[in-house]
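A.B. asks: I'd like to ask you about the structure that follows.
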Amino acid sequence: MLEEFKQDMMQHYEMTDLGLLHHFLGMGVEQTDKHIFIHQKKYALKILEKFGMRDCKSVAIPLVVNEKLCREDGSEAADESEFRQIVGSLLYLTATRPDVMFASSLLARFMHNPSKKHMGTAKRVLRYIQGTLDFGIEFAKGKTATLIGYCDSDWAGSEDDMRSTSGYAFTLGSGMFSWASIKQNTVALSTAEAEYMSAVEATSQAKWLRFVLEDFGEEQIEGTPILCDNTSAIAMARNPVHHQKTRHISRKFHFIREAIQAKEIELVYCKTEDQIADILTKALPKDQFVRLRSLLGVKSAKRLEGSVEI
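Right, dumping it as C-alpha cells:
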C-alpha cells in the first residue's frame with residue numbers, strides 16, 4: 001500500500017525516494033526489523049558545546065533529591081539570558097527525553113531573575129545529559145495499539161506557593177509517546193486532591209489522543225485505562241455526588257466523572273512503585289529514577305537488541 005502511494009505521488013510530483021527516514025526536525029530516527037529508536041544526540045552535543053559543558057563530568061540523575069528551588073534563595077543573580085537559553089534548549093530536548101521533563105519544567109518556573117543556585121541546577125541537568133548522550137525512546141514493532149495512561153502528582157512541592165505538580169504519560173504498548181509535567185494552577189488541600197487534579201489533566205489528554213487515534217484508524221473501543229496510585233482520588237472521580245471533601249474543588253475538575261460515565265476512560269489503581277508518571281513530578285533517588293526511566297522506554301542505543309551506532 002505504501003509503495004503504491006509513493007509511486008502515485010511520483011507520477012504527479014517531482015520527488016526523490018531517500019529510503020527510510022533518518023532525520024526529522026532535529027531528531028535522529030534509527031529503524032530495524034524489531035524497533036524504531038528516536039533520539040537527539042546531535043542536538044544534545046550542540047547544547048553542551050554551546051554552554052561550555054562538552055568536557056564536564058557527568059552525573060547519574062538530573063536533580064538532587066530533596067533539594068528545593070524557590071524564587072528567593074539568597075544566592076546572587078545569574079545571567080538571565082544564558083539561563084533562559086539553557087532551559088529553552090532543555091525543553092526542546094524533551095521531545096525525545098521525558099526523563100528530563102520534570103527538571104526542565106521546574107527550571108522554567110525561574111526564567112525571570114534566576115539565581116546562581118538555579119543556574120547550578122540547570123548545569124547539573126546538562127551534566128546528566130553528558131552521561132546519557134545516546135539515550136532516546138525505543139518503540140518496539142508488533143505491539144497492539146491500546147492506549148494506556150499513567151498519572152501522578154506530588155503534594156505542595158512548590159516552595160513559593162505550595163502548589164503541586166501533575167505528571168502524565170501515555171503509551172500504545174511500547175515506549176511513551178505523550179507526556180507532560182505541569183504545575184497545578186490551584187493549591188490542593190491533600191494528596192488525594194492533588195492526585196485527583198492530576199487525573200483530570202490526564203483525562204483531558206486521553207480524550208484528545210482518542211480523537212487523534214480514531215482519525216488514524218485506531219479507534220479505541222474500550223475506555224482508556226489511566227493508572228493512578230491513590231485510592232482516595234479514584235473514589236473522588238467515581239463518586240458523582242458532591243460531598244464535604246470535594247465540594248470546594250472547581251467544577252472544571254469534575255469533568256473526569258463524565259468521562260468515566262461515558263466509558264471513555266477508566267481510572268485503575270496501581271502500586272506506587274509501578275507508577276511511571278512519578279518520574280514527572282519530583283526528583284527521585286538513583287535506583288528509582290533509573291528503573292522508571294527504563295519503563296518510560298528511554299534507554300541507551302547500546303542497550304537495544306541489535307544495537308545501533310548513532
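For the sequence shown, UniProt numbering gives the first residue as 1, with consecutive numbering after it. Backbone N, C-alpha and C define an ideal beta-carbon position, used for all residues, glycine too. Given the structure is predicted, the values throughout are model-derived calculations rather than measurements.
1. Would you list the residues sitting across from Asn224 in a DSSP beta bridge?
2. Can you give me the Cβ contacts of Glu76 inside the same chain, cut-off strictly under 8 Å, excluding the 5 residues immediately before and after it?
3. Starting from Ala140, trace the alpha helix (DSSP H) in both directions and tell me its first and last residue.
4. Would the stretch 263-270 and the stretch 232-240 be scored as touching if the rule is three or more Cβ pairs under 8 Å?
5. If you drop the 5 nearest sequence neighbours on each side, which residues of the same chain put their C-beta closer than 8 Å to that of Pro98?
6. Any beta carbon of chain B sitting closer than 8 Å to that of Val65?
7. Give every residue of the same chain whose Cβ lies closer than 7 Å to the Cβ of Val59, excluding the five residues on either side of it in the sequence, and list them in chain order.
8. Label Ser164 either buried or exposed according to how many other C-beta atoms from any shown protein chain fall within 10 Å of its C-beta, with 16 as the threshold for buried.
9. Between which two residues does the alpha helix (DSSP H) harbouring Ile47 extend?
10. Just to confirm before moving on: does the CB-CB distance between His35 and Ala156 stay below 8 Å?
11. Can you grab the Cα-Cα spacing for the pair Gly167 / Leu93, in whole Å?
12. Taking one C-beta from the stretch 61-81 and one from the stretch 20-40 each time, how about it: are there three or more such pairs within less than 8 Å?
13. Tell me which residue opens and which closes the beta strand (DSSP E) that Phe110 is part of.
14. From the DSSP secondary-structure annotation, give me the bridge partner or partners of Thr92.
15. Can you name, in chain order, every residue of its own chain whose Cβ lies under 6 Å from the Cβ of Leu227, other than the five neighbours on each side?
16. Note down, one range per segment and in chain order, each alpha helix (DSSP H) of at least 4 residues found wholly within the stretch 152-181.
17. What residue from Asp229, Glu30 and Ser174 has the CA that sits closest to Tyr196's CA?
18. My output table needs one value for Lys123: the three-state DSSP class, helix, strand or coil.
19. Per DSSP, which residues does Ser300 bridge with? Please list them.
20. Sort Lys57, Gln184, Leu133 and Lys42 by Cα distance to Arg109 and report the nearest one.
C.D. replies: The answer reads as follows:
1. To locate residue 224, count along the sequence shown from 1; it is residue 224. The identity of residue 224 in the sequence shown is Thr, whereas the question assumes Asn. DSSP, once it has assigned bridges, lists Ile265 as partnering Thr224.
2. Taking the first residue of the sequence shown as position 1, residue 76 is located at position 76. So the qualifying residues of the chain are Ser115 and Lys116.
3. Residue mapping note: residue 140 aligns to position 140 of the sequence shown, counting from 1. Here Ala140 belongs to no alpha helix (DSSP H); instead the beta strand (DSSP E) covers Phe135 to Ala140.
4. yes
5. In the sequence shown, the residue the question calls residue 98 occupies position 98. If we look at Pro98 and ignore the five residues flanking it on each side, its Cβ neighbours are Ile137, Ala169, Met176, Trp179, Ile279, Leu280, Leu296 and Val298.
6. Absent from the structure: chain B. Only one protein chain is present.
7. Walking along the sequence shown from the start, residue 59 turns up at place 59. Counting only Cβ-Cβ distances below 7 Å, and skipping sequence neighbours, we find Arg124, Arg127, Tyr128 and Gly131.
8. Position 164 of the sequence shown, counted from the first residue, corresponds to residue 164. Buried, since its Cβ has 16 or more Cβ neighbours within 10 Å.
9. Position 47 of the sequence shown holds residue 47. That run of the alpha helix (DSSP H) goes Lys41 to Lys50.
10. Residue numbering aside, residue 35 sits at position 35 when the sequence shown is read from its first letter. Residue numbering aside, residue 156 sits at position 156 when the sequence shown is read from its first letter. Taking 8 Å as the Cβ cut-off, His35 and Ala156 do not qualify as a contacting pair.
11. Translated into the one-based positions of the sequence shown, residue 167 becomes position 167. Translated into the one-based positions of the sequence shown, residue 93 becomes position 93. About 18 Å.
12. no
13. For the purposes of this step, residue 110 is taken as residue 110 along the sequence shown, with counting starting at 1. Where Phe110 is concerned, there is no enclosing beta strand (DSSP E), given that its DSSP letter is neither H nor E.
14. Locating residue 92 in the sequence shown gives position 92, where the first residue counts as 1. Going by the sequence as given, residue 92 is Tyr instead of Thr. The partner list for Tyr92 (beta bridge, DSSP) is empty, contrary to what the question assumes.
15. Position 227 of the sequence shown, counting from 1, holds the residue named residue 227. Result list for Leu227: Tyr150, Val268 and Cys270, in chain order.
16. none
17. As a working mapping, residue 196 is identified with position 196 in the sequence shown. Selected option, being the one with the closest Cα: Asp229.
18. Locating residue 123 in the sequence shown gives position 123, where the first residue counts as 1. The answer is helix: DSSP assigns Lys123 an H, G or I state.
19. The sequence position of residue 300 within the sequence shown is 300, counting from 1. DSSP, once it has assigned bridges, lists Phe135 as partnering Ser300.
20. The count along the sequence shown starts at 1 and reaches residue 109 at position 109. Among Lys57, Gln184, Leu133 and Lys42, the Cα nearest to that of Arg109 belongs to Gln184.
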